[in-house]
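Visitor:
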Amino acid sequence: MRAGSGLGVSCSVMTGSVSDGAVLLTTPVEALGDVSAELGAALRGMGLRSVGHLVHHLPHRHEREEAETTIGDLAGDAVVSTRGEVTACRFVGGRGRGKARFEAVLLDGTGRLDVVWFNQPYLRHKIEPGMWLRVQGKSKMKRTGVQIVNPRWWVLKEGEREVRGGGEARLRPVYPATEEAPSWMIERVIVGVLDEALGQIDDHLSEGYRGERSMPSLAEAYRMMHRPADEEEIGVARRRLVYDELLMMQLGVQMRRAKVAKEMHAPALRWSEAIDAHIRARFPFTLTEAQETVVQEIARDVQKSVPMHRLIQGDVGAGKTVVALYAMLMAVASEHQAALMAPTELLAEQHFASISAMLEGGSVRIALLTGSLSAPEREGILARLGAGEIDLLVGTHSVLTESVRFASLGVVVIDEQHRFGVHQRAQLREKSGNRYSMPHTLVMTATPIPRTLALTAFGDLDVSVLRGLPPGRKPVATRMLPSARAEEAYAFVRMRVEKGQQAYVVVPAVDSDGGLKDVRSTVRKLEAGALAGKRVAGVHGRLKRATREQIMERFRGGLIDVLVATTVIEVGVDVANAAVMVVEHADRFGLAQLHQIRGRIGRGTHSSACVLIVDEGATEIGMERVKALVGTTDGFVIAEKDLELRGMGEVLGVRQAGMAPFRLADLSRDLDLLRMARRDAIAWIARSPRLEAPEEALLKRRLAKAFVDGGEKTDV
Ligand code: ADP
Ligand code: MG
Numbered sequence: 196m197r198a199g200s201g202l203g204v205s206c207s208v209m210t211g212s213v214s215d216g217a218v219l220l221t222t223p224v225e226a227l228g229d230v231s232a233e234l235g236a237a238l239r240g241m242g243l244r245s246v247g248h249l250v251h252h253l254p255h256r257h258e259r260e261e262a263e264t265t266i267g268d269l270a271g272d273a274v275v276s277t278r279g280e281v282t283a284c285r286f287v288g289g290r291g292r293g294k295a296r297f298e299a300v301l302l303d304g305t306g307r308l309d310v311v312w313f314n315q316p317y318l319r320h321k322i323e324p325g326m327w328l329r330v331q332g333k334s335k336m337k338r339t340g341v342q343i344v345n346p347r348w349w350v351l352k353e354g355e356r357e358v359r360g361g362g363e364a365r366l367r368p369v370y371p372a373t374e375e376a377p378s379w380m381i382e383r384v385i386v387g388v389l390d391e392a393l394g395q396i397d398d399h400l401s402e403g404y405r406g407e408r409s410m411p412s413l414a415e416a417y418r419m420m421h422r423p424a425d426e427e428e429i430g431v432a433r434r435r436l437v438y439d440e441l442l443m444m445q446l447g448v449q450m451r452r453a454k455v456a457k458e459m460h461a462p463a464l465r466w467s468e469a470i471d472a473h474i475r476a477r478f479p480f481t482l483t484e485a486q487e488t489v490v491q492e493i494a495r496d497v498q499k500s501v502p503m504h505r506l507i508q509g510d511v512g513a514g515k516t517v518v519a520l521y522a523m524l525m526a527v528a529s530e531h532q533a534a535l536m537a538p539t540e541l542l543a544e545q546h547f548a549s550i551s552a553m554l555e556g557g558s559v560r561i562a563l564l565t566g567s568l569s570a571p572e573r574e575g576i577l578a579r580l581g582a583g584e585i586d587l588l589v590g591t592h593s594v595l596t597e598s599v600r601f602a603s604l605g606v607v608v609i610d611e612q613h614r615f616g617v618h619q620r621a622q623l624r625e626k627s628g629n630r631y632s633m634p635h636t637l638v639m640t641a642t643p644i645p646r647t648l649a650l651t652a653f654g655d656l657d658v659s660v661l662r663g664l665p666p667g668r669k670p671v672a673t674r675m676l677p678s679a680r681a682e683e684a685y686a687f688v689r690m691r692v693e694k695g696q697q698a699y700v701v702v703p704a705v706d707s708d709g710g711l712k713d714v715r716s717t718v719r720k721l722e723a724g725a726l727a728g729k730r731v732a733g734v735h736g737r738l739k740r741a742t743r744e745q746i747m748e749r750f751r752g753g754l755i756d757v758l759v760a761t762t763v764i765e766v767g768v769d770v771a772n773a774a775v776m777v778v779e780h781a782d783r784f785g786l787a788q789l790h791q792i793r794g795r796i797g798r799g800t801h802s803s804a805c806v807l808i809v810d811e812g813a814t815e816i817g818m819e820r821v822k823a824l825v826g827t828t829d830g831f832v833i834a835e836k837d838l839e840l841r842g843m844g845e846v847l848g849v850r851q852a853g854m855a856p857f858r859l860a861d862l863s864r865d866l867d868l869l870r871m872a873r874r875d876a877i878a879w880i881a882r883s884p885r886l887e888a889p890e891e892a893l894l895k896r897r898l899a900k901a902f903v904d905g906g907e908k909t910d911v
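For the sequence shown, the working numbering puts the final residue at 911, and the numbers step up evenly by one.
(1) Distance, Cα to Cα, Ala-295 vs Glu-233?
(2) So is the beta-carbon of Asp-769 under 7 Å away from any non-hydrogen atom of ligand 1?
(3) Check whether the region 493-500 and the region 460-468 touch, using three or more Cβ-Cβ pairs below 8 Å as the test.
(4) Use the C-beta contact count for Gly-199: other C-beta atoms within 10 angstroms, 16 or more gives buried, fewer gives exposed.
(5) Taking Cβ to Cβ, would you say Val-671 is nearer than 8 Å to Gly-799?
(6) Which residues in the same chain as Leu-557 place their Cβ atom closer than 8 Å to its Cβ, once the five residues preceding and following it in sequence are excluded?
(7) Which whole-angstrom value is the C-beta distance of Arg-278 and Leu-351, which I expect to be below 8 Å?
(8) Check this for me: beta carbons of Glu-261 and Val-275, under 8 Å apart or not?
(9) Could you check if Ala-641 belongs to the surroundings of ligand 1, using beta carbon to heavy atom distance under 7 Å?
(10) Quick one, are the C-beta atoms of Val-777 and Arg-674 less than 8 Å apart?
(11) Helix, strand or coil, according to DSSP, for Met-843 in the structure here?
(12) Please tell me whether, using a cut-off of 7 Å, the distance from the CB of Arg-795 to the nearest non-hydrogen atom of ligand 1 is below it.
(13) Three or more C-beta pairs under 8 Å: does that hold for the region 266-273 against the region 241-250?
(14) Just checking Arg-798 against ligand 1 - is the residue's beta carbon closer than 7 Å to any of the ligand's heavy atoms?
(15) For the region 262-302, which segments carrying the beta strand (DSSP E) assignment without a break, of at least 3 residues, lie completely within its bounds, in sequence order?
(16) Terminal residues of the continuous beta strand (DSSP E) containing Thr-673?
(17) Compare the beta carbon distance of Glu-375 and Ala-237 with 8 Å and say whether it is the shorter of the two.
(18) For Leu-893 and Ala-432, what's the separation of their Cα atoms in angstroms?
(19) Write down every uninterrupted run of the alpha helix (DSSP H) in the region 501-580 whose length is 4 residues or greater and which is fully enclosed by it, in chain order.
(20) I'd like to know if the region 752-760 and the region 662-670 are in contact, where contact means that at least 3 CB-CB pairs between them fall below 8 Å.
(21) Rounded to whole angstroms, what's the CA-CA distance from Gly-728 to Asp-657? Just pull it up for me.
(22) For Pro-223, write down the residues that DSSP places opposite it in a beta bridge.
(23) Cβ atoms of His-460 and Asp-603: under 8 Å apart, would you say?
(24) Determine whether the beta carbon atoms of Val-608 and Met-536 lie at a separation below 8 Å.
(25) Just to confirm, is the Cβ distance from Ile-266 to Asp-229 under 8 Å?
(26) Tell me whether Val-490 is buried or exposed, calling it buried when 16 or more other Cβ atoms sit within 10 Å of its Cβ.
(27) Helix or strand or just coil, what does DSSP make of Leu-328?
(28) Are the region 825-844 and the region 518-530 touching by the rule of at least three beta carbon pairs closer than 8 Å?
(29) On the DSSP bridge assignment, give the partners of Thr-591 in chain order.
(30) Looking at ligand 4, does it come within less than 7 Å of Gly-240, judged from the CB to the closest heavy atom?
(31) To the nearest angstrom, how far is the alpha carbon of Ala-543 from that of Ile-816?
(32) How far does the beta strand (DSSP E) with Gly-605 in it reach, from first residue to last?
(33) Using the Cβ count rule (16 or more neighbours within 10 Å means buried), how would you classify Ala-513?
(34) Over what stretch of residues does the alpha helix (DSSP H) that includes Asp-390 continue unbroken?
(35) With distances taken Cα to Cα, identify the nearest neighbour of Gln-788 among Arg-338, Ala-823, Val-759, Leu-758.
(36) For Phe-547, is the classification buried or exposed, using 16 other Cβ atoms within 10 angstroms of its Cβ as the cut-off for buried?
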């Protein structure tokens, strides 16, 4: 989807034709008097094919243009602007001493100006005697007269040659440009058609609507962008255009959502105090206040036949699993099925183990579906799922993509959303047997999604936030050590192990390759050295599931002191007695990933510590990530930092989810406008779900275009 491209210019008022002298938005650029064949080709190459495209081609900034002075009135040591005829010019090559320079003499009848450009030899093909130029730059008084070095320059047309003095300073648009179509040429073409073109632009927002928001009309906004009277106008115009871009996106999201709500049904689940009590009796602790709130939000959602789409955002260890389990058990209580999907087999196995433990002795039939099952085991589970003989399925995300059929899927929980694109949710539809039925969906993410992203990429999800940690959990003390001092970290590990605690050592590789520390050799080295006499074992994703499980089981049972692991432990591993962690090559890991990894400790009552070891030659950005982690344990702060370091598109697979970058909006500064657009879009679609009123026709057309075009520039 591409918002923004659809801030189209209307073609509904097409009257007249080029031959009548009327400039239409659909007029090809080549048909304009000012546009040479060469320029026309250059504009076309930039995607600017029609007058409408030109109006949409917004300056990326504005530059102050000084009031013009006649040459005779020029003073030294000031930024000045003047114009004159080129009467002589020459290129002086850069051999020997002296830089290559291009010199021109300008006369305007009031005086003589010498202009010099250094290191721009191509100017000799651009500027020649007889041309009129406007130049702007810093003036200097020389013995010979006034001189300007390296000014900005513009070629003047026939009608612009009269000498000007006085006038006012103005803001000049600077357009995205190329060498063949420089900004000043684009400006000249736009100036020539702007007023007439603007008269043809209809607004898709009514005057009343704009008035309530103190926004100018679309035509005014474009005028202010191309020809602002002052700085303030640029701000006013930008606000309107950014709002439009965001509104389009949010309307699209809300329309899609309204359509799903109308056409798709989910089973309305039962809730009663008895059911509630029954579910809670399974939990080994009382829910925190934050968990209570989210449980209530979920219980309210799933009692409706409108499919729930809810995102639970909560830091590592915030206690999301039990909240998800509540939703799943509601499905089971209503004789539907539930599924929990995790991004890795290890995590699926752990969910399976902990949920099985909580449900032990009850009547809920639970199964684990992963890639490591034998074919007959797998067939058996699939058959029982289809027959409704399994109530709760735990699996990996592949459950979504494979031919798994449920008898009646009521609730789906997707753990760790950031590992895959949001579109996978669409596949859920086909899982429930009925084309118009869709399970209630709960997405859990342990990497807190910055608020900005939650409103955009996940704009059609309701968001619940689990703030804070369950009782008894303490933040992890984190420090950084250069690799030369790694022994200190292991001495510390040894000391803690001797106190009866356990530790993780995280390394980036399984096998030695590329000089990074790996699981196997690190195990050997530690056993022989710093941790001699301690029980050290290694675990990584390439081990067989049974082997891995066995090792994890031994670690959980306290039979292993130090577990050397790759990032397989990133998600879900929960061993309360493990309170120490060393991360080797910490600067090589992503920020969100480091936060996840660190989240494996600090789960028990011990005060826990994490040592991040950084390489000698760590990159600057690698160091920034490590420092961010040392500075805070607040996942929301880390998420914002991650966003800053990686950029919007990279974070959380938004690019993969098919969301185009914005044309104008910059979410780090337009958050208020985003909120406003979202609020307005929600209200709008609630009032008019399909935009079918006559006065909404234009908006609807532009919206359709924004979504259908996928960002392509189309003729208006
Ligand atoms: P995450 O949000 O990272 O998935 P978990 O659901 O794994 O977190 O919970 C983290 C730990 O906190 C688990 O050991 C869980 O049993 C424990 N926990 C969750 N809720 C509570 C609670 N209300 N009181 C005490 N411990 C809790
Ligand atoms: Mg979890």
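All C-beta atoms, glycine included, are put in the ideal place defined by N, C-alpha and C. Because the structure is a prediction, the values reported are computed rather than measured.
Guide: Concretely, from the data shown:
(1) As a position in the sequence shown, residue 295 is number 100, starting the count at 1. As a position in the sequence shown, residue 233 is number 38, starting the count at 1. Annotation: Ala-295 to Glu-233 spans about 28 Å, alpha carbon to alpha carbon.
(2) Here the question's residue 769 lines up with position 574 in the sequence shown. Yes - ligand 1 has a heavy atom lying nearer than 7 Å to the Cβ of Asp-769.
(3) yes
(4) To locate residue 199, count along the sequence shown from 1; it is residue 4. Here Gly-199 scores only 34 on pLDDT, less than 50, and its place in the model should not be relied on; the value that follows carries that caveat. Looking at its Cβ environment, which holds 16 or more other Cβ atoms inside 10 Å, Gly-199 is buried.
(5) Working through the sequence shown from its first residue, we reach residue 671 at position 476. Working through the sequence shown from its first residue, we reach residue 799 at position 604. No, Cβ-Cβ distance for Val-671 and Gly-799 is not below 8 Å.
(6) Working through the sequence shown from its first residue, we reach residue 557 at position 362. It is Gly, not Leu, that sits at residue 557 in the sequence shown. Taking Gly-557 as the centre and dropping the five residues before and after it, the same chain places the C-beta of Arg-477 closer than 8 Å to its C-beta, in chain order.
(7) Your numbering for residue 278 matches position 83 in the sequence shown. Your numbering for residue 351 matches position 156 in the sequence shown. That pair is a contact at about 6 Å.
(8) Residue 261 sits at position 66 when you count from the first residue of the sequence shown. Residue 275 sits at position 80 when you count from the first residue of the sequence shown. Yes, they are a contact pair.
(9) Mapped onto the sequence shown, residue 641 falls at position 446. Yes, ligand 1 has a heavy atom inside 7 Å of this Cβ.
(10) Sequence index remark: in the sequence shown, residue 777 carries index 582 (1-based). Sequence index remark: in the sequence shown, residue 674 carries index 479 (1-based). Contact flag unset, no.
(11) Here residue 843 is taken as the residue at index 648 of the sequence shown, counted from 1. For Met-843, the predicted model reports a pLDDT of 49, less than 50, meaning its position is unreliable; a value from the coordinates is still stated below. If DSSP states are grouped into helix, strand and coil, Met-843 belongs with coil.
(12) As a position in the sequence shown, residue 795 is number 600, starting the count at 1. Arg-795: no, Cβ never under 7 Å from ligand 1.
(13) no
(14) Position 603 of the sequence shown, counted from the first residue, corresponds to residue 798. Arg-798: yes, Cβ under 7 Å from ligand 1.
(15) 274-287, 296-302
(16) Within the sequence shown, numbered from 1, the residue matching residue 673 stands at position 478. Run containing Thr-673: 672-677, per the beta strand (DSSP E) assignment.
(17) Here the question's residue 375 lines up with position 180 in the sequence shown. Here the question's residue 237 lines up with position 42 in the sequence shown. Cβ atoms of Glu-375 and Ala-237: closer than 8 Å.
(18) As a working mapping, residue 893 is identified with position 698 in the sequence shown. As a working mapping, residue 432 is identified with position 237 in the sequence shown. If you take the alpha carbons of Leu-893 and Ala-432, they lie about 20 Å apart.
(19) Residue ranges of uninterrupted alpha helix (DSSP H) with 4 or more members, entirely inside the region 501-580 and ordered along the chain, are 515-528, 540-554.
(20) no
(21) One-based indexing of the sequence shown puts residue 728 at position 533. One-based indexing of the sequence shown puts residue 657 at position 462. So the alpha carbons of these two residues sit roughly 52 Å apart.
(22) On the sequence shown, residue 223 is found 28 positions in, with the first residue counted as 1. Ser-245, per the DSSP bridge assignment.
(23) For the purposes of this step, residue 603 is taken as residue 408 along the sequence shown, with counting starting at 1. For the purposes of this step, residue 460 is taken as residue 265 along the sequence shown, with counting starting at 1. Rather than Asp, the amino acid found at residue 603 in this sequence is Ser. In this structure, His-460 does not lie closer than 8 Å to Ser-603 by Cβ.
(24) For the purposes of this step, residue 608 is taken as residue 413 along the sequence shown, with counting starting at 1. For the purposes of this step, residue 536 is taken as residue 341 along the sequence shown, with counting starting at 1. Yes, these two residues count as a Cβ contact at 8 Å.
(25) Mapped onto the sequence shown, residue 266 falls at position 71. Mapped onto the sequence shown, residue 229 falls at position 34. No, these two residues do not count as a Cβ contact at 8 Å.
(26) Here residue 490 refers to the residue found at position 295 of the sequence shown. It is buried - the Cβ of Val-490 has at least 16 other Cβ atoms within 10 Å.
(27) Start at 1 with the first residue of the sequence shown, and residue 328 comes out as number 133. In the structure shown, Leu-328 sits in a strand (DSSP, three-state: E or B).
(28) In short, these stretches do not touch, since the Cβ pair count stays below three.
(29) Counted from its first residue, the sequence shown places residue 591 at position 396. Answer is Ala-537.
(30) In terms of ligand content, the structure shown lacks ligand 4 and carries ligand 1 and ligand 2 instead.
(31) Stepping through the sequence shown from its first residue, residue 543 is reached at position 348. Stepping through the sequence shown from its first residue, residue 816 is reached at position 621. Approximately 33 Å between the Cα atoms of the pair.
(32) Position 410 of the sequence shown, counted from the start, is the residue given in the question as residue 605. It spans 604-610 - the beta strand (DSSP E) in which Gly-605 sits, taken as one unbroken run.
(33) Along the sequence shown, one-based indexing puts residue 513 at 318. Buried is the call here.
(34) Counted from its first residue, the sequence shown places residue 390 at position 195. Residues 378-393.
(35) Residue mapping note: residue 788 aligns to position 593 of the sequence shown, counting from 1. The residue from Arg-338, Ala-823, Val-759, Leu-758 with its alpha-carbon nearest to that of Gln-788 is Ala-823.
(36) Residue numbering aside, residue 547 sits at position 352 when the sequence shown is read from its first letter. Counting Cβ neighbours within 10 Å, Phe-547 comes out buried, since at least 16 surround it.
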